[in-house]
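*Asks:*
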Amino acid sequence: MDFKDLTYVVTLAKYQNYTNAAKNLYITQPALTKAIKKLETEMGEPLFIRKENSTVPTEFGLKYIQYAQSILNLKSSMDEELGALHAKKYPILKIGITHVSGRFLLSQTTIAFQRKYPHVQLSISENITSSLYDMVEKGELDFAVCIRPGSPFYAPREDFDYMDVVTNEMVLAVPRSHPLLAMAVNKPGFHYPWIPLEWAKEEKFLLQPEDQFTGKAAKYIFREAGFWPKSVSIINNVHSAIDLVCAGCGIALVTNLHLKILEQKVTLIPLSFGREPICSKSAAMFKKGNILPDYALDYIEMVRDAHRPLLMGH
Numbered sequence: 016m017d018f019k020d021l022t023y024v025v026t027l028a029k030y031q032n033y034t035n036a037a038k039n040l041y042i043t044q045p046a047l048t049k050a051i052k053k054l055e056t057e058m059g060e061p062l063f064i065r066k067e068n069s070t071v072p073t074e075f076g077l078k079y080i081q082y083a084q085s086i087l088n089l090k091s092s093m094d095e096e097l098g099a100l101h102a103k104k105y106p107i108l109k110i111g112i113t114h115v116s117g118r119f120l121l122s123q124t125t126i127a128f129q130r131k132y133p134h135v136q137l138s139i140s141e142n143i144t145s146s147l148y149d150m151v152e153k154g155e156l157d158f159a160v161c162i163r164p165g166s167p168f169y170a171p172r173e174d175f176d177y178m179d180v181v182t183n184e185m186v187l188a189v190p191r192s193h194p195l196l197a198m199a200v201n202k203p204g205f206h207y208p209w210i211p212l213e214w215a216k217e218e219k220f221l222l223q224p225e226d227q228f229t230g231k232a233a234k235y236i237f238r239e240a241g242f243w244p245k246s247v248s249i250i251n252n253v254h255s256a257i258d259l260v261c262a263g264c265g266i267a268l269v270t271n272l273h274l275k276i277l278e279q280k281v282t283l284i285p286l287s288f289g290r291e292p293i294c295s296k297s298a299a300m301f302k303k304g305n306i307l308p309d310y311a312l313d314y315i316e317m318v319r320d321a322h323r324p325l326l327m328g329h
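Per my numbering, the sequence shown starts with residue 16, numbered consecutively.
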């Protein structure tokens with residue numbers, strides 16, 4: 016007799032049908048029948064009998080099931096408590112990041128964190144912002160570093176708490192030799208040389224899909240500007256779009272942070288535009304009411320530290 020036998024008997028008693036019980040146990044019906052008959056032979060007593068259209072426990076079987084359920088409950092409690100003790104001693108920090116941020120953050124934070132907390136295992140998930148929201152909501156992540164709800168194009172969320180990391184500004188990425196750069200001016204309230212967006216309407220734009228922040232932003236930006244570019248290519252990966260800008264294949268709507276952290280074959284220049292800057296906040300986002308352990312708070316501070324030098328002087 017082992018825990019598997021106990022589980023088989025309890026499950027068959029619940030469903031009173033070999034086919035349904037076997038399906039619930041993810042085994043075949045003949046395998047379940049064979050296991051029950053073997054156990055009955057060992058016990059020297061029948062555990063089940065056929066009654067009308069059901070398989071029901073005998074008197075001996077009922078007593079067996081009573082003890083079997085108690086043993087399984089005890090094992091479940093043991094596994095849960097021992098698992099909690101193990102997790103406390105060897106915790107796993109489950110972090111979500113966007114694909115672009117991941118390229119930068121992993122290299123900037125992982126080694127320092129593991130040196131400080133060698134007993135904590137890092138589990139990193141990369142995904143788009145909306146999917147990271149879902150993963151945090153389901154408890155699959157301790158926190159996610161991504162665009163904060165309530166930023167432009169993302170609805171507020173009352174079920175999340177935040178620790179802000181960095182503010183991003185939408186910009187046009189152009190090569191240093193691009194004619195638009197020569198026409199740009201300094202404008203109060205903007206961090207970068209500014210142009211009216213209408214000046215770029217004849218340009219080929221390299222944009223992201225609308226399920227990404229920059230894609231959502233592009234749709235809003237052009238609607239506010241009153242035009243849609245004459246030539247648009249949808250590029251799923253921001254880094255690929257930047258590579259194409261470097262190759263002279265168009266210009267891109269990205270964030271200033273993208274230009275800071277992504278490798279460029281030639282140096283691209285950010286241009287501001289619009290009536291006012293379009294900014295969003297990246298934050299470490301977690302479920303409201305959750306208390307993050309000290310090592311998680313330290314990781315978030317390392318993320319902040321990694322961003323600070325990038326945006327000095329913008």
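Every residue gets a Cβ at the ideal spot worked out from N, C-alpha and C, and that includes glycine. All figures in this text were calculated on a predicted structure; none of them were measured in a lab.
Suppose the cutoff is 7 Å on Cβ atoms and the five residues either side in sequence are ignored; what does the same chain contact list for T124 look like?
*Replies:* Y314, M317, V318, A321.
*Asks:* Looking at the unbroken beta strand (DSSP E) that takes in P190, where does it start and where does it end?
*Replies:* Counting along the chain, the beta strand (DSSP E) containing P190 begins and ends at 175–190.
*Asks:* To the nearest angstrom, how far is it from the Cα of L54 to the Cα of M93?
*Replies:* 25 Å
*Asks:* What number of angstroms, rounded off, separates the C-alpha of S11 from the C-alpha of M178?
*Replies:* The structure shown does not extend to residue 11, since the chain is modelled only from 16 to 329, so the question has no answer here.
*Asks:* So within the segment 210–243, which uninterrupted alpha helix (DSSP H) runs reach at least 4 residues, ignoring any that extend past its ends?
*Replies:* 228–240
*Asks:* Along the chain, where does the alpha helix (DSSP H) that runs through L283 open and close?
*Replies:* Where L283 is concerned, there is no enclosing alpha helix (DSSP H), although the beta strand (DSSP E) it sits in stretches over 283–288.
*Asks:* Determine, using beta-carbon pairs with one atom in the segment 107–126 and one in the segment 65–85, whether at least three such pairs fall under 8 Å.
*Replies:* no
*Asks:* Expressed to the nearest angstrom, what Euclidean distance is found between the alpha-carbon atoms of V135 and E96?
*Replies:* 19 Å
*Asks:* By how many angstroms is the C-alpha of V180 removed from the C-alpha of W214?
*Replies:* Each residue's alpha carbon lies about 33 Å from the other.
*Asks:* State the start and end residues of the unbroken alpha helix (DSSP H) segment that holds A293.
*Replies:* The displayed chain sequence assigns Ile, not Ala, to residue 293. Looking at the DSSP string, I293 is not in any alpha helix (DSSP H), and its letter there is neither H nor E.
*Asks:* What three-state label does DSSP hand V135 in the structure shown?
*Replies:* Of the three classes helix, strand and coil, the one that applies to V135 here is coil, per DSSP.
*Asks:* Thinking C-alpha only, which one of T229, H193, N88, P208 is nearest V260?
*Replies:* It is H193 whose Cα lies nearest to the Cα of V260.
*Asks:* When the Cα atoms are used, what is the spatial distance from A36 to I236?
*Replies:* 58 Å
*Asks:* Terminal residues of the continuous beta strand (DSSP E) containing I64?
*Replies:* 63–66
*Asks:* Determine which residues share a DSSP beta bridge with P72 and list them.
*Replies:* F63
*Asks:* Are the CB atoms of M300 and F128 nearer to each other than 7 Å?
*Replies:* no
*Asks:* By DSSP, does C161 sit in helix, in strand, or in coil?
*Replies:* strand
*Asks:* Identify the residues that DSSP records as bridge partners of T270: which are they?
*Replies:* M185
*Asks:* What does the alpha-carbon distance come out to for the pair K131 and Y105?
*Replies:* Going from the Cα of K131 to the Cα of Y105 covers about 14 Å.
*Asks:* Among the residues of its own chain, which have a CB less than 8 Å from the CB of P61, if the five just before and after it don't count?
*Replies:* E55, T73, F75, G76
*Asks:* Please name the residue, chosen from K245, P208, A197, that lies closest to N271 on a Cα-to-Cα basis.
*Replies:* P208
*Asks:* Report the CB separation of A267 from I257 in whole angstroms; it is logged as a contact under 8 Å.
*Replies:* 6 Å
*Asks:* Report the option in P224, E57, P167, S145 whose CA atom is closest to the CA atom of V160.
*Replies:* Closest in C-alpha terms to V160, from the list P224, E57, P167, S145, comes S145.
*Asks:* With 16 as the cutoff for other CB atoms within 10 Å, does E218 come out buried or exposed?
*Replies:* So E218 counts as buried.
*Asks:* I411 lies in the alpha helix (DSSP H); which residues open and close that run?
*Replies:* Outside the shown range of the chain, which is 16 to 329, sits residue 411, and nothing can be said about it.
*Asks:* Under three-state DSSP, which class holds F168?
*Replies:* coil
*Asks:* By the three-class DSSP mapping on this structure, what secondary structure does I42 have?
*Replies:* Of the three classes helix, strand and coil, the one that applies to I42 here is coil, per DSSP.
*Asks:* From this set, A262, F228, I249, K49, which residue's C-alpha is nearest S116's C-alpha?
*Replies:* F228
*Asks:* Please determine, among P171, F288, R290, H273, the residue with the shortest C-alpha to C-alpha distance to T282.
*Replies:* H273
*Asks:* In this structure, how does DSSP classify F128 when only helix, strand and coil are distinguished?
*Replies:* helix
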